[in-house]
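Sequential numbering of the sequence shown, starting at 53, is according to our numbering.
The next block holds one structure in the form of structure tokens; read it before the comments.
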Amino acid sequence: MPTVADTPVPPASLLGRLAAQRGAFADAYMLRLPRTITLAEFVEAFYTTRLFKLERWLIARSGRPSSDADVRAIARGEDGRMAAWTVEARAAGELLMHEDSGVTRSWFKAEAGEGGATILWFGSALIPRRRGPGGEPRFGWPVHALMGFHRWYSRALLRAAARRLA
């Protein structure tokens, strides 16, 4: 199985532009698979992994259920909403979604690599609700406390999607 790499957020990407415009924390992870994969295939694989289905189950407990058909519609650009997530922007090979609070973003990118390979990118952004005296973003202790888990979970989700696509 390919290795997930931490990587800087590409500045020209939907996630990179959002982070720059909103002063958001953003991170990105990538891996390379040795075949051609479309963005729709990637997004569908990601949201239908066993790992993410656990998150979908938890979200459904709050009254926002989703089905694999909902996931397919989002992935194919046929719908703009699934559970707690709404499509914020699409670009060639990219999808940016925000969850209902407006604080969290999820970003997907499928990029053609050499020799018919595909580079899959997954990233997140947190939009600060508070700013310091100099305008710097301020995040509360829960964000700092959960950052290690967030990084582990992001890598695990990307790995799980890659396994479905391999």
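Even glycine gets a Cβ: it sits at the ideal position worked out from N, Cα and C.
Keep in mind the model is a prediction, meaning the values are calculated, not measured.
Check: Taking a contact to mean a Cβ-Cβ separation below 9 Å, would you say A135 touches R157 in this structure?; Outcome: no
Check: Answer with buried or exposed for F160, where buried requires no fewer than 16 other C-beta atoms within 10 angstroms of its C-beta.; Outcome: buried
Check: Mind checking whether R133 and E96 have CB atoms under 9 Å apart?; Outcome: no
Check: In the DSSP assignment, find the beta strand (DSSP E) that holds F77 and state where it starts and stops.; Outcome: 77-85
Check: How is D120 classed by DSSP in three states: helix, strand or coil?; Outcome: helix
Check: The alpha helix (DSSP H) that contains F191, what's its start and end?; Outcome: Segment: none, F191 is in no alpha helix (DSSP H) and carries neither H nor E.
Check: Buried or exposed for W137, please, with buried defined as at least 16 other CB atoms from any protein chain shown within 10 angstroms of its CB.; Outcome: buried
Check: Which residues in the same chain have their Cβ closer than 6 Å to the Cβ of A141, if we skip the five residues on either side of it in sequence?; Outcome: L66, L148
Check: Does V139 come out as helix, strand or coil in the three-state DSSP assignment?; Outcome: strand
Check: Helix, strand or coil for G175, going by three-state DSSP, please let me know.; Outcome: strand
Check: Less than 9 Å separating the beta-carbons of A76 and L209?; Outcome: no
Check: Note the first and the last residue of the continuous alpha helix (DSSP H) segment covering A112.; Outcome: 102-113
Check: With the cut-off set at 9 Å, would you say A218 and L85 are in Cβ contact?; Outcome: yes
Check: Name the one or two DSSP bridge partners that M149 has.; Outcome: V139, S158
Check: In this structure, does DSSP put E130 in helix, strand or coil?; Outcome: coil
Check: Quick one: what's E163 bridged to in DSSP?; Outcome: I171
Check: In terms of residues, what are the limits of the alpha helix (DSSP H) holding A71?; Outcome: 66-74
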